[in-house]
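Structure record follows, encoded as structure tokens.
2 protein chains.
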Amino acid sequence: MHQAPKTRRGQERRNAIVKAAAKLMYERGVRGTSVEDVLDAADAGKSQLYHYFSSKDDLSAAVIDYQLTQVLGQQDQFRLDTWSGLRSWFDALIKGQESRAFRGCPVGSLAVEMSAMSEKLQARVAEAFLHWQDTLEQAFEAMRNRGLIDADALPAELAQTTLAAVQGGYLLSTAEQDLQPMVRSLKLAFAHLRSLAAKPSR
Amino acid sequence: MHQAPKTRRGQERRNAIVKAAAKLMYERGVRGTSVEDVLDAADAGKSQLYHYFSSKDDLSAAVIDYQLTQVLGQQDQFRLDTWSGLRSWFDALIKGQESRAFRGCPVGSLAVEMSAMSEKLQARVAEAFLHWQDTLEQAFEAMRNRGLIDADALPAELAQTTLAAVQGGYLLSTAEQDLQPMVRSLKLAFAHLRSLAAKPSR
DNA sequence: GTAGTGTTGTACTGGGCGGTACATTGCGGC
DNA sequence: GCCGCAATGTACCGCCCAGTACAACACTAC
Numbered sequence: 002m003h004q005a006p007k008t009r010r011g012q013e014r015r016n017a018i019v020k021a022a023a024k025l026m027y028e029r030g031v032r033g034t035s036v037e038d039v040l041d042a043a044d045a046g047k048s049q050l051y052h053y054f055s056s057k058d059d060l061s062a063a064v065i066d067y068q069l070t071q072v073l074g075q076q077d078q079f080r081l082d083t084w085s086g087l088r089s090w091f092d093a094l095i096k097g098q099e100s101r102a103f104r105g106c107p108v109g110s111l112a113v114e115m116s117a118m119s120e121k122l123q124a125r126v127a128e129a130f131l132h133w134q135d136t137l138e139q140a141f142e143a144m145r146n147r148g149l150i151d152a153d154a155l156p157a158e159l160a161q162t163t164l165a166a167v168q169g170g171y172l173l174s175t176a177e178q179d180l181q182p183m184v185r186s187l188k189l190a191f192a193h194l195r196s197l198a199a200k201p202s203r
Numbered sequence: 002m003h004q005a006p007k008t009r010r011g012q013e014r015r016n017a018i019v020k021a022a023a024k025l026m027y028e029r030g031v032r033g034t035s036v037e038d039v040l041d042a043a044d045a046g047k048s049q050l051y052h053y054f055s056s057k058d059d060l061s062a063a064v065i066d067y068q069l070t071q072v073l074g075q076q077d078q079f080r081l082d083t084w085s086g087l088r089s090w091f092d093a094l095i096k097g098q099e100s101r102a103f104r105g106c107p108v109g110s111l112a113v114e115m116s117a118m119s120e121k122l123q124a125r126v127a128e129a130f131l132h133w134q135d136t137l138e139q140a141f142e143a144m145r146n147r148g149l150i151d152a153d154a155l156p157a158e159l160a161q162t163t164l165a166a167v168q169g170g171y172l173l174s175t176a177e178q179d180l181q182p183m184v185r186s187l188k189l190a191f192a193h194l195r196s197l198a199a200k201p202s203r
């Protein structure tokens, strides 16, 4: 029981369950979503869930991965190692937050709740954020290599502060149900990155 | 039923319940904390809870207020309208996050979960954040009035971006179980504020 | 078709949880 | 000392929910 699907059909059912879980957990929170809600939404039965997952925690872990994949997938549509690409990405994040009714970051909101649930989930959350951070770091490193940002800048540090600005923006925007904090936070993050550009040699 | 306490003793019991609830909800999340857990911790009975609160949601709302009060209380120990006071406050936030085992912001983590629970709680969360933001705004306005920061700076905007940096730092630090993101995020926020100081006239 | 493995339907259970009912006790005012 | 209200103890209820048991079905290979 609760093993990886071995047929295409099984794979599709598993994905449908994760997708439905991701949607509901995003909207109502992890603990606010019962497995039966998920199964109803995915039009699946209980035996299917426990065929592929060992527990709700296990499903939740899959949901983090799924949401991270979604976020990184959208992120890949932008050339983050260019100024215009970065700006477009920020704009897209803001648009997304608006269109999803100020519900916050699909990864970040899960992260807060799951970090307090179990050691295992906490570890998965950490992994997810480090991965996300890493994709940003690569973009900044590329910019540095191409001379777009100063050679002394630390891509890892920039990735961390940028992600913090994104999450801080999301959180305030969700808490206050207002787009403005997110707009301002990202604007500031962008300006900071921009300030590291084209340093007049050393 | 569920009305304000009318005696000193009642007041104390009510406070004890809220305090215990705040502690547990912070550690385990709101939905991860049962009212019975709270009552055990507060050494109280169920009739006491429902004497002062109409529901768990009602108690949760009181917990937001309590946590905000705690945070603002600690914040009041610093002169936020001075550079050294600001820096000390940031340092204290970092120390707090460390000493509380990377569990995140006592207000922010509640906010994420509660925003998705009900309209009423969402409204209370918004109120809390706006209040917090306001205290920062007052500090920045005082600085501006005293010429510590540029006359063109907008205190409201600074308050929002500063709070976003705080929350973003908390979130990443909690997700990654590492102090560094918070340290860097606050360092950056401080540098940004600092950059608005002593503009060479217009 | 038949065997074997992957998949799915259904019915059930045991525990936990929010909330209620109601009786009882503590306490201040007169 | 007794009345009245605030405060508290206790037992209980109904519901929901994660997880299980087990039987039935689907597909592939031969």
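Protein chains in written order, with our numbering: chain W, 2 to 203; chain Y, 2 to 203.
Even for Gly, the Cβ is constructed at its ideal location relative to N, Cα and C.
### Closer than 8 Å to chain Y by CB, Ser208/W
Outside the modelled stretch of chain W, which goes from 2 to 203, sits residue 208/W, for which no answer is possible.
Item to check | Neighbour flag for Val126/Y against chain W, beta carbons, 8 Å | outcome: For the purposes of this step, residue 126/Y is taken as residue 125 along the second sequence, with counting starting at 1. At a cut-off of 8 Å between beta carbons, Val126/Y contacts chain W.
Inter-stretch contact at 8 Å, needing at least 3 Cβ pairs: the region 67 to 79 of chain W / the region 94 to 112 of chain W = The region 67 to 79 of chain W vs the region 94 to 112 of chain W: in contact.
Using a Cβ-Cβ cut-off of less than 9 Å, give me the residues of the region 127 to 142 of chain Y that come near chain W, in sequence order.
-> Residues of the region 127 to 142 of chain Y with a C-beta less than 9 Å from any C-beta of chain W: Ala127, Ala129, Phe130, Leu131, Gln134, listed in chain order.
**Prompt:** Do Val113/W and Val184/Y have their CB atoms nearer than 8 Å?
**Reply:** Reading the first sequence from its first residue, position 112 is the one you call residue 113/W. Reading the second sequence from its first residue, position 183 is the one you call residue 184/Y. Contact: no.
| query | Apart from the five residues on each side of it in sequence, which residues of its chain come closer than 7 Å, Cβ to Cβ, to Phe91/Y? | reply | Counting from one through the second sequence, the residue named residue 91/Y turns up at place 90. Residues Leu187, Phe191 of the same chain have their beta carbon placed closer than 7 Å to that of Phe91/Y, with the five preceding and five following residues left out of the count.
Next item on the list: Count the other CB atoms, across all protein chains shown, that sit within 10 Å of the CB of Ala22/Y; report buried if there are 16 or more and exposed otherwise.
Entry: Start at 1 with the first residue of the second sequence, and residue 22/Y comes out as number 21. Buried, by the Cβ-count rule.
Does the Cβ-Cβ distance between Phe130/Y and Ala176/W come in under 8 Å? Position 129 of the second sequence, counted from the first residue, corresponds to residue 130/Y. Position 175 of the first sequence, counted from the first residue, corresponds to residue 176/W. A contact, by the Cβ cut-off of 8 Å.
query: If we cut at 8 Å on Cβ distances, does Ala165/W have a partner in chain Y?
result: Against the first sequence, residue 165/W aligns to sequence position 164. Judged by the 8 Å Cβ criterion, Ala165/W is in contact with chain Y.
Shorter than 8 Å from the beta carbon of Glu99/W to some beta carbon of chain Y? Your numbering for residue 99/W matches position 98 in the first sequence. For Glu99/W, the answer is no, since every Cβ of chain Y falls outside 8 Å of its Cβ.
Considering just the uninterrupted stretch of the alpha helix (DSSP H) at Thr162/Y, what are its terminal residues?
Position 161 of the second sequence, counted from the first residue, corresponds to residue 162/Y. Taken as a continuous stretch (DSSP letters only), the alpha helix (DSSP H) holding Thr162/Y covers 156 to 177.
Checklist entry - What whole-angstrom Cβ distance do Tyr53/W and Arg15/W have, given they're in contact under 8 Å? => result The count along the first sequence starts at 1 and reaches residue 53/W at position 52. The count along the first sequence starts at 1 and reaches residue 15/W at position 14. Contact between Tyr53/W and Arg15/W holds, since their C-beta atoms are separated by about 5 Å, short of 8 Å.
**Asked** I think Arg104/Y touches Ala117/W, with their Cβ atoms under 8 Å apart; what is that distance to the nearest whole Å?
**Response** Here residue 104/Y refers to the residue found at position 103 of the second sequence. Here residue 117/W refers to the residue found at position 116 of the first sequence. Under the criterion of beta carbons closer than 8 Å, Arg104/Y and Ala117/W qualify as touching, at roughly 7 Å.
Fill in: Buried/exposed call for Arg125/Y, threshold 16 Cβ in 10 Å
For the purposes of this step, residue 125/Y is taken as the residue at position 124 of the second sequence. It counts as buried.
Going along the chain, which residues of the region 184 to 200 of chain Y sit with their C-beta nearer than 8 Å to a C-beta in chain W?
Contacts with chain W (Cβ-Cβ distance below 8 Å) from the region 184 to 200 of chain Y involve Arg185, Ser186, Leu189, His193, listed in chain order.
- Task: Count the other CB atoms, across all protein chains shown, that sit within 10 Å of the CB of Gly205/W; report buried if there are 16 or more and exposed otherwise.
- Result: Here chain W covers residues 2 to 203 and nothing more, so residue 205/W does not appear.
Item checked: Proximal chain W residues relative to Gly169/Y, where beta-carbon distance stays under 8 Å -> Sequence index remark: in the second sequence, residue 169/Y carries index 168 (1-based). Contact note: Gly169/Y reaches chain W through Leu164, Ala165, Ala166, Val167, Gln168, Gly169, Gly170, Leu172, Ser186, using a C-beta cutoff of 8 Å and chain order.
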